[in-house]
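Student: Before anything else, here's the structure in question.
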Amino acid sequence: MQSTTPCTRCPHQTARTSASQPPAQPQAPNAPQEEFDEHIADDDFLEYAKVEDHGYGITRAAVDRVQARGQVAVLDVNVAGAASCKKQGLVGVYVFIAAPSMEDVRSRLKGHGAIESEEELDRHVATAEAEMAAATAEAATAEMSEEMAAAATAE
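Taking our numbering, the leading residue of the sequence shown gets 1, the next gets one more, and so forth.
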């Protein structure tokens with residue numbers, strides 16, 4: 001999914017959003033997985049994941065194309081995807097949007113209608129809990145680093 005929207009902080013630029021999506025279904029039945037694996041082997045992805053036998057990812061080339069047009073790339077990725085982007089040196093503002101509560105996460109997942117069992121729902125909720133914990137820990141580390149930098153500058 002991609003859309004183009006004016007960036008309110010940088011009126012001269014446009015933000016381009018990109019959510020990880022699986023490759024389109026081609027004519028050959030095994031081509032999507034083969035193509036995905038080739039991207040992995042060629043180290044083309046900033047981030048990727050395999051979820052229930054489907055590959056999702058955002059390539060460096062996609063982000064480079066957006067930036068070459070003078071636009072801001074806005075990526076919709078999970079916590080592991082953000083960590084991968086950071087590890088590969090993608091400079092950016094990383095934002096984690098948390099649900100108000102785990103009860104809300106459970107309710108939203110049930111409302112989507114894609115969850116087929118209580119065990120599957122529990123797995124998704126556990127993943128959400130782990131991502132929230134990881135994001136909270138990372139935010140605390142970043143805040144501590146900023147405080148240490150400010151203290152060093154004040155000396």
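Glycine included, every Cβ here is placed at the ideal spot set by N, Cα and C.
G81 and A49: beta carbons closer than 8 Å?
Tutor: Here the question's residue 81 lines up with position 81 in the sequence shown. Here the question's residue 49 lines up with position 49 in the sequence shown. Going by C-beta atoms, G81 is nearer than 8 Å to A49.
Student: Any idea which residues DSSP pairs F45 with across the strands?
Tutor: For the purposes of this step, residue 45 is taken as residue 45 along the sequence shown, with counting starting at 1. Answer by DSSP bridge pairing, in chain order: T59.
Student: I'd like the list of long-range same chain contacts for P100, defined as Cβ closer than 6 Å, with 5 residues on each side in sequence excluded.
Tutor: Locating residue 100 in the sequence shown gives position 100, counting from the first residue. Excluding sequence neighbours, P100 sits near nothing in its chain.
Student: For A28, does the three-state DSSP call read helix, strand or coil?
Tutor: Along the sequence shown, read from residue 1 onward, the residue named residue 28 stands at position 28. Only weak support exists for where A28 lies, its pLDDT of 39 falling under 50; the value from the coordinates is given anyway. A28 falls in the coil class under three-state DSSP.
Student: Applying the 10 Å Cβ sphere with the 16-neighbour rule, what's the burial state of V66?
Tutor: For the purposes of this step, residue 66 is identified with residue 66 of the sequence shown, where counting begins at 1. Residue environment for V66: buried (at least 16 other C-beta atoms within 10 angstroms of its C-beta).
Student: Is it the case that the Cβ atoms of V105 and V125 are separated by a distance below 8 Å?
Tutor: Here residue 105 refers to the residue found at position 105 when the sequence shown is read from its first residue. Here residue 125 refers to the residue found at position 125 when the sequence shown is read from its first residue. It is a contact, given that the beta carbons lie within the stated cut-off.
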